[in-house]
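The structure under discussion appears below in the form of structure tokens.
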Amino acid sequence: MGVSLIIFLLAVFLSYIFTRSISDPLNNLVEAMNQVEEGNLEVQIDDQAQDELAAASSNFNQMVVELKELVEDVKENEKQKNDLEFKALQAQINPHFLSNILNTARLLADMQNADNLENFLSSVINLLHLSMNNKEDFITVAKEVEYLKSYLNIQQFRLHNKFEVKFEIEENLMNYKIPRFLLQPVVENSIIHGISGKSGQGLIEIKGFTQNEQVIFTITDDGIGMTEQEIKDLLSENKMNKGQFSGIGINNVKERIELYFGREYGIEIESLKGYFTTVKIILPEIY
1 MGVSLIIFLL AVFLSYIFTR SISDPLNNLV EAMNQVEEGN LEVQIDDQAQ DELAAASSNF
61 NQMVVELKEL VEDVKENEKQ KNDLEFKALQ AQINPHFLSN ILNTARLLAD MQNADNLENF
121 LSSVINLLHL SMNNKEDFIT VAKEVEYLKS YLNIQQFRLH NKFEVKFEIE ENLMNYKIPR
181 FLLQPVVENS IIHGISGKSG QGLIEIKGFT QNEQVIFTIT DDGIGMTEQE IKDLLSENKM
241 NKGQFSGIGI NNVKERIELY FGREYGIEIE SLKGYFTTVK IILPEIY
């Protein structure tokens with residue numbers, strides 16, 4: 001009887017020890033999961049379990065580390081995107097460009113060219129309205145094209161019709177959404193770095209179409225072109241040119257596209273010095 005009691009008590013004790021060896025690590029794991037659910041990504045489990053539970057604890061610790069890194073990457077990505085958007089907003093209206101606009105208006109008024117002055121001022125008002133009042137990150141292609149046409153009309157007045165513009169944008173593309181201030185900086189680059197240095201009149205062709213579930217824009221000018229080094233410099237510089245309307249460079253456009261959609265989208269530049277430059281913008285389809 002005494003031996004049986006001892007064996008029974010020993011069995012109970014061993015069962016208790018065995019149960020604790022399983023339940024304690026399991027409870028620790030559950031508690032750690034609850035902490036992660038509440039937003040604590042610093043939690044780690046002291047690995048005292050054996051076999052499967054030890055593996056589960058180790059996997060959990062690794063998962064938390066990777067989750068923390070992912071969250072930090074997302075936060076950094078969002079910060080960069082917000083910084084670029086802020087720079088875009090800050091640079092909407094370059095005072096030097098505004099001064100040039102006012103000088104052009106004054107000259108038209110001095111010439112008493114009422115029709116041209118009315119057309120010019122309408123474009124200025126429309127451009128300023130679109131750039132200052134639209135607070136959305138994404139706008140329709142139709143709205144961006146409207147914005148771009150007002151800008152081009154102003155530049156043609158300023159530069160005495162130095163260039164011709166041709167639009168070929170698929171009609172079904174007009175309701176798609178794209179990041180705002182996307183096309184104007186690229187076209188502005190064509191004028192400043194391509195057409196302005198060309199003798200005689202230039203041509204800028206702006207095309208938009210869908211291809212392989214992507215939205216493609218190409219802006220081609222027959223200006224003075226660029227070398228490979230000049231292209232690299234263009235894609236890395238952030239400084240404002242005094243002749244620019246917005247001060248948003250191609251580099252800002254490229255970085256915003258990559259931050260919004262990933263590095264499979266962005267900008268490609270092809271150029272031949274003395275002949276042409278084509279900027280290709282690649283975006284996902286967004287309705």
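Mapping of the sequence shown onto the UniProt record's numbering: position 182 corresponds to residue 182, and the numbering continues sequentially without gaps. Here a beta-carbon is modelled for each residue, glycine too, at the ideal position from N, C-alpha and C. No experiment lies behind these values; they were computed from the predicted model shown.
Which residue from Glu228, Glu213, Val145 puts its Cα closest to that of Met174?
As a first step, residue 174 is located in the sequence shown; it is residue number 174 there, counting from the start. Of the candidates Glu228, Glu213, Val145, Val145 places its Cα closest to the Cα of Met174.
Expected contact under 8 Å - CB spacing of Glu230 and Glu285 to nearest Å
As a working mapping, residue 230 is identified with position 230 in the sequence shown. As a working mapping, residue 285 is identified with position 285 in the sequence shown. Not a contact, Cβ separation roughly 32 Å.
Do you know how far the Cα of Asn61 is from the Cα of Leu182?
For the purposes of this step, residue 182 is taken as residue 182 along the sequence shown, with counting starting at 1. For the purposes of this step, residue 61 is taken as residue 61 along the sequence shown, with counting starting at 1. When rounded, the distance between both Cα atoms is 43 Å.
According to DSSP, residues forming a beta bridge with Glu164:
Locating residue 164 in the sequence shown gives position 164, where the first residue counts as 1. Note: Glu164 sits in a beta bridge opposite Leu203.
Backbone CA spacing between Val186 and Ile219 [nearest angstrom]
Position 186 of the sequence shown, counted from the start, is the residue given in the question as residue 186. Position 219 of the sequence shown, counted from the start, is the residue given in the question as residue 219. Between Val186 and Ile219, the C-alpha separation is close to 7 Å.
His129: buried (16+ other C-beta within 10 angstroms of its C-beta) or exposed?
The count along the sequence shown starts at 1 and reaches residue 129 at position 129. Exposed: under 16 other Cβ atoms inside 10 Å.
Sufficient close CB pairs (3 or more, under 8 Å) joining the segment 196–207 to the segment 252–272:
With a cut-off of 8 Å, the segment 252–272 and the segment 196–207 do not count as touching, because too few Cβ pairs lie within range.
Once DSSP output is grouped into helix, strand and coil, what is the label at Ser122?
Within the sequence shown, the letter at position 122 stands for residue 122. In the three-state reduction of the DSSP assignment, Ser122 falls in the helix class.
Alpha-carbon spacing of Gly46 relative to Val253, whole angstroms
Start at 1 with the first residue of the sequence shown, and residue 46 comes out as number 46. Start at 1 with the first residue of the sequence shown, and residue 253 comes out as number 253. Correcting the residue type first, residue 46 is Asp in the shown sequence and not Gly. For Asp46 and Val253, the distance between alpha carbons rounds to 47 Å.
Going by beta carbon distance, what residues of the same chain come within less than 6 Å of Phe261, once the five residues before and after it are set aside?
Here residue 261 is taken as the residue at index 261 of the sequence shown, counted from 1. Taken in chain order, the residues that qualify are Pro284.
Beta-carbon contacts of Lys166 that lie in its chain and below 6 Å, excluding the five residues immediately before and after:
The residue given as residue 166 occupies position 166 in the sequence shown. When the five nearest sequence neighbours on each side are left out, the beta carbons in the same chain lying within less than 6 Å of the beta carbon of Lys166 are those of Glu205, in order along the chain.
Less than 6 Å between C-beta atoms, sequence neighbours within five positions excluded: which residues of the same chain meet that for Gln184?
Position 184 of the sequence shown, counted from the first residue, corresponds to residue 184. Excluding five sequence positions before and after Gln184, the CB atoms of its chain that fall closer than 6 Å to its own CB belong to Leu148, Tyr151, given in chain order.
Enclosing alpha helix (DSSP H) for Lys280 [first to last residue]:
In the sequence shown, the residue the question calls residue 280 occupies position 280. From DSSP, Lys280 is part of no alpha helix (DSSP H) but of the beta strand (DSSP E) over 276–284.
Report buried or exposed for Thr227, applying the criterion of at least 16 other Cβ atoms within 10 angstroms of its Cβ.
Taking the first residue of the sequence shown as position 1, residue 227 is located at position 227. With fewer than 16 Cβ atoms within 10 Å of its Cβ, Thr227 is classed as exposed.
Which same chain residues, not among the five before or five after Asn161, have their C-beta less than 8 Å away from its C-beta?
Position 161 of the sequence shown, counted from the start, is the residue given in the question as residue 161. Counting only Cβ-Cβ distances below 8 Å, and skipping sequence neighbours, we find Gln201.
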